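Going by full-length UniProt numbering, the residue at position 625 of the sequence shown is 625; the numbering climbs one at a time, nothing skipped.
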Amino acid sequence: MAYKNLVIVESPSKAKTIEKYLGRNYKVVASLGHIRDLPKSKMGIDFDHDYEPHYISIRGKGAVIKDLKKYAKKAEKVYLASDPDREGEAIAWHVSHILGLDPKGKNRVTFNEITKDAVKNAFKTPRSIDMDLVDAQQARRIMDRLVGYSISPLLWKKVKKGLSAGRVQSIALKIIIDRENEIKAFKPEEYWTIDSQFKKGTKKFNASFYGIDGKKLALKNQTETESVLAKLAPKDPFDITKVTKRERKRFPQAPFTTSSLQQEAVRRLNFRTRKTMMVAQQLYEGINLGGRQGSVGLITYMRTDSTRISQIAKHEASEFIHEAYGEEYAALKIRKTKNPEGAQDAHEAIRPSSVKRTPASLAKVLDKDQMKLYKLIWSRFVASQMTPAVLDTMAVTIEQNGVVYRANGAKMKFPGFTKVYDSTSNDKKSNQLPDLAVGDAVKLVKNEPNQHFTQPPARYSEATLIKTLEENGVGRPSTYAPTIETIQRRYYVKLVAKHFEPTELGEIVNKIIVEFFPDIVNIDFTAGLENDLDAIEAGKQQWIKVVDEFYQPFAKEVSSAETKIEKVQIKDEPAGFDCDICGAPMVIKLGRYGKFYACSRFPDCRNTKPIVKEIGITCPVCGKGQVVERKSKKNRIFYGCNRYPDCDFVSWDKPVGRSCPKCDHYLVEKKVKGGKQVLCPNGDYHEDIQK
Numbered sequence: 001m002a003y004k005n006l007v008i009v010e011s012p013s014k015a016k017t018i019e020k021y022l023g024r025n026y027k028v029v030a031s032l033g034h035i036r037d038l039p040k041s042k043m044g045i046d047f048d049h050d051y052e053p054h055y056i057s058i059r060g061k062g063a064v065i066k067d068l069k070k071y072a073k074k075a076e077k078v079y080l081a082s083d084p085d086r087e088g089e090a091i092a093w094h095v096s097h098i099l100g101l102d103p104k105g106k107n108r109v110t111f112n113e114i115t116k117d118a119v120k121n122a123f124k125t126p127r128s129i130d131m132d133l134v135d136a137q138q139a140r141r142i143m144d145r146l147v148g149y150s151i152s153p154l155l156w157k158k159v160k161k162g163l164s165a166g167r168v169q170s171i172a173l174k175i176i177i178d179r180e181n182e183i184k185a186f187k188p189e190e191y192w193t194i195d196s197q198f199k200k201g202t203k204k205f206n207a208s209f210y211g212i213d214g215k216k217l218a219l220k221n222q223t224e225t226e227s228v229l230a231k232l233a234p235k236d237p238f239d240i241t242k243v244t245k246r247e248r249k250r251f252p253q254a255p256f257t258t259s260s261l262q263q264e265a266v267r268r269l270n271f272r273t274r275k276t277m278m279v280a281q282q283l284y285e286g287i288n289l290g291g292r293q294g295s296v297g298l299i300t301y302m303r304t305d306s307t308r309i310s311q312i313a314k315h316e317a318s319e320f321i322h323e324a325y326g327e328e329y330a331a332l333k334i335r336k337t338k339n340p341e342g343a344q345d346a347h348e349a350i351r352p353s354s355v356k357r358t359p360a361s362l363a364k365v366l367d368k369d370q371m372k373l374y375k376l377i378w379s380r381f382v383a384s385q386m387t388p389a390v391l392d393t394m395a396v397t398i399e400q401n402g403v404v405y406r407a408n409g410a411k412m413k414f415p416g417f418t419k420v421y422d423s424t425s426n427d428k429k430s431n432q433l434p435d436l437a438v439g440d441a442v443k444l445v446k447n448e449p450n451q452h453f454t455q456p457p458a459r460y461s462e463a464t465l466i467k468t469l470e471e472n473g474v475g476r477p478s479t480y481a482p483t484i485e486t487i488q489r490r491y492y493v494k495l496v497a498k499h500f501e502p503t504e505l506g507e508i509v510n511k512i513i514v515e516f517f518p519d520i521v522n523i524d525f526t527a528g529l530e531n532d533l534d535a536i537e538a539g540k541q542q543w544i545k546v547v548d549e550f551y552q553p554f555a556k557e558v559s560s561a562e563t564k565i566e567k568v569q570i571k572d573e574p575a576g577f578d579c580d581i582c583g584a585p586m587v588i589k590l591g592r593y594g595k596f597y598a599c600s601r602f603p604d605c606r607n608t609k610p611i612v613k614e615i616g617i618t619c620p621v622c623g624k625g626q627v628v629e630r631k632s633k634k635n636r637i638f639y640g641c642n643r644y645p646d647c648d649f650v651s652w653d654k655p656v657g658r659s660c661p662k663c664d665h666y667l668v669e670k671k672v673k674g675g676k677q678v679l680c681p682n683g684d685y686h687e688d689i690q691k
């Protein structure tokens, strides 16, 4: 088919969506991401010529480059329409170089959403490649390469092969280890509470001990608690001495940024960060809606740190809310939200490309994960344009013999935005107080003194780690997912019950980096570098100057570390049994994916075995072996027979040792919303397990 214009994007799905909008004079093809990068085999940076990067074509991209050149040769005009961020600008620049395009030519096209109007409007105003954006990406890539290719060889030499270090990943690792050290050093302190129930007439309500004679009192032990209880005459009435009634407003949260979407998807959907970004990319690049609509981008660009919304989107949302929920739910004036400090504000917040595409209307075209994430994005955006929820609150003070209790209650007066999206259900479950007034007498139903101990700070989950990195200005929206993935892949941390725990290997690497490369793990220093990258993007800094100011002191640290770091011996632990091949003692070794059993005569004997945990259930397939818990290369737990490869039984869900009463297939335990179920993978039989 003849075409005048060639458009180059990153992915085939994006190409398919855009080509439909542009018509027959345009051919849209994909570069499949970057086509040039620094070489893997060497540093690839010329220190004698202002850190000039030596780019090469990425291995495996030869056929793609050949096709791009072939298509470009036939076109009158070539447009570069990669994503609207630093990485996308760099991809466009590299493609431009490979195809020999004029770097100042107006061939760069960007859009924040892949819809017909947005795409067509973007092609009316093409621009030149923004070299400030390219330079910001180059500076980050070069600094990351300088760190990785300088520290990693030291770790290979002094600790073990296969290790790596990076700017942002080293800080993420240190944050996790610092929290672990806080937990280890934590000393619990005893304290007591008195939770009570009162009633007025037949209506009961809850209250808690506050203090004595109007002053707050913290109860430190049982003696103090019993002393308070001794002051009471439980059968006598208690007086209501103060009642405060207020109307409280709860305002909606801003639409999602990349960080807040990742955090909320972890909490609400149990999505890993990588999965969230993968599904969001699918929604952005286009979903086939069928019929004349074809493929349509359902959300705006998903890498953003801005909460800004366009006027057109606000107007459309207001119309929709008026029609779907009523005038009283549509906010007359949207509450202004402040972007996080250091936010680039290059794009809008993440929102649906059209609010009229409700989740329900897309039920037949989205898969399960796409639907979950789209519904989350759509609901949060619509709620952000709605009126606040209004609650009637009541605070009550109850006294007897100088002992003071307090009770708080809330009742929803007007749901506002919570009709669509509620980040907390606390208000719906709030203590319901009867109608109380000063001077009323109430009766004590029961007193429950409880002993507690202060708890250490919680380990980081993916959500809280991302939040901490963002709050400290470390990394940017596009870096959180690969950072978290890298520290897990290197086995520096492991995910236990959805929280990160450092491994022995992670602690060894962190200790070396903290001691010999303090700037790399200094949060203020790294946040300052992020600000420098932003300044390069804004044309206020020269990338060579930023890289040089970073590298000169860093090079001295590397030189010093080469002589000062002592070889770290990771000792093998005795396994407690002998090798079944040569009879020598087996040991526990630390490998790339964790610990494993190996023969102590390695390399003469190469017998290895995974460390597995038996779950006390006979294999449901062969009936001879035991079911054991294993881990995939991505650290995900699965279950298999210990007679593998003689028996190939494998399951992501834990077998329970019983058969389905309907079909005799083995039953498994599966996590579901609200708890667990025992179910049959082969049918519709299930049993609920109480929490």
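From the three backbone atoms N, C-alpha and C, an ideal C-beta is built for every residue, glycine too.
Just so we're clear, the structure is a prediction, and the values are computed from it rather than from any experiment.
Where does residue i sit, in a helix, a strand or coil, going by DSSP?
| i | result |
| --- | --- |
| Ile309 | coil |
| Pro153 | helix |
| Lys498 | coil |
| Arg489 | helix |
| residue 713 | The displayed coordinates of the chain run from 1 to 691. Any statement about residue 713 would go beyond what the structure contains. |
| Phe320 | helix |
| Leu373 | helix |
| Tyr210 | strand |
| Val568 | coil |
| Ala343 | With a pLDDT of 47 at Ala343, under the threshold of 50, the predicted position of this residue should be treated as unreliable, and no value is reported. |
| Gln451 | strand |
| Thr300 | strand |
| Gly657 | strand |
| Lys364 | coil |
| Ile177 | helix |
| Val612 | coil |
| Leu217 | coil |
| Val627 | strand |
| Thr193 | strand |
| Glu121 | Residue 121 is actually Asn in this sequence, not Glu. Of the three classes helix, strand and coil, the one that applies to Asn121 here is helix, per DSSP. |
| His665 | coil |
| Gly409 | strand |
Below 6 Å CB to CB, which residues in the same chain sit around residue i once its five sequence neighbours on both sides are set aside?
| i | result |
| --- | --- |
| Gly625 | Cys619, Cys641, Asn642, Arg643 and Cys647 |
| Asp369 | Val279 |
| Gly657 | Ile617 |
| Asp195 | Ser208 and Glu448 |
| Asn408 | Ala395 |
| Lys242 | Thr397 |
What residues in its chain sit with their C-beta under 8 Å from that of residue i, if we drop five residues either side in the sequence?
| i | result |
| --- | --- |
| Lys413 | Glu247, Val390, Leu391 and Asp392 |
| Val493 | Leu173, Ile176, Ile487, Phe500, Glu501, Pro502, Thr503 and Gly506 |
| Pro39 | His54 and Ile56 |
| Thr479 | Val168 |
Contact check, residue i vs residue j under 8 Å by CB: the rounded distance?
| i | j | result |
| --- | --- | --- |
| Arg303 | Asp85 | 6 Å |
| Ala349 | Pro252 | With 8 Å as the limit, Ala349 and Pro252 do not qualify as a contact, their Cβ atoms being about 13 Å apart. |
| Tyr26 | Val7 | 6 Å |
| Ser11 | Glu285 | 6 Å |
| Cys622 | Phe649 | 7 Å |
| Ala582 | Arg601 | One detail in the question is off: residue 582 reads as Cys in this sequence, not Ala. Indeed they touch by this definition, with Cβ atoms about 6 Å apart. |
| His49 | His94 | Contact flag wrong, Cβ pair sits at about 19 Å. |
By Cβ distance, which residues of its chain are closer than 7 Å to residue i, with the 5 residues on each side in sequence left out?
| i | result |
| --- | --- |
| Lys106 | Pro126, Arg127 and Ser128 |
| Pro610 | Phe596 and Arg630 |
Any heavy atom of the ligand PLP within a distance shorter than 8 Å of the CB on residue i?
| i | result |
| --- | --- |
| Gln385 | With respect to small molecules bound, the structure shown includes none, and the ligand PLP cannot be examined in it. |
Quick check for students: name the residue ranges of the alpha helix (DSSP H) that lie wholly in the UniProt domain "Toprim" (4-114), counting only runs of 4 or more. The qualifying runs are 12-22, 62-74 and 86-99.
Quick test of the definition: if touching needs 3 or more C-beta pairs under 8 Å, does the stretch 64-74 touch the stretch 98-116? yes
Whether or not the stretch 170-184 and the stretch 429-442 are in contact is what I'm after, with contact meaning three or more pairs of Cβ atoms, one per stretch, closer than 8 Å; do they touch? no
How do the stretch 395-405 and the stretch 308-318 stand: do at least 3 beta-carbon pairs fall below 8 Å, yes or no? no
Scan the stretch 126-175 and note each continuous alpha helix (DSSP H) run of 4 residues or more that stays entirely inside, going in chain order. 131-158
Just checking, does the stretch 113-125 make contact with the stretch 147-163 on the three C-beta pairs under 8 Å criterion? Contact check between the stretch 113-125 and the stretch 147-163: fewer than three CB pairs, one atom from each, fall below 8 Å, which does not count as touching.
Evaluate the contact criterion for the stretch 521-530 versus the stretch 472-492: three or more CB pairs, one atom per stretch, below 8 Å. yes
Pairs of beta-carbons, one from the stretch 549-564 and one from the stretch 130-147, closer than 8 Å: are there three or more? yes
Would you say the stretch 456-466 touches the stretch 195-214, given that touching needs at least three Cβ pairs under 8 Å? Short answer: they don't touch.
What are the uninterrupted segments assigned as beta strand (DSSP E) that are 3 or more residues long and contained completely in the stretch 231-293, given in chain order? 238-250
Contact between the stretch 228-239 and the stretch 360-368 is defined here as three or more beta-carbon pairs at a separation below 8 Å; is this criterion met? no
Count Cβ pairs between the stretch 183-198 and the stretch 219-227 that sit closer than 8 Å; are there 3 or more? yes
Restricting to runs no shorter than 3 residues, where is the beta strand (DSSP E) found entirely within the stretch 501-589? 573-578
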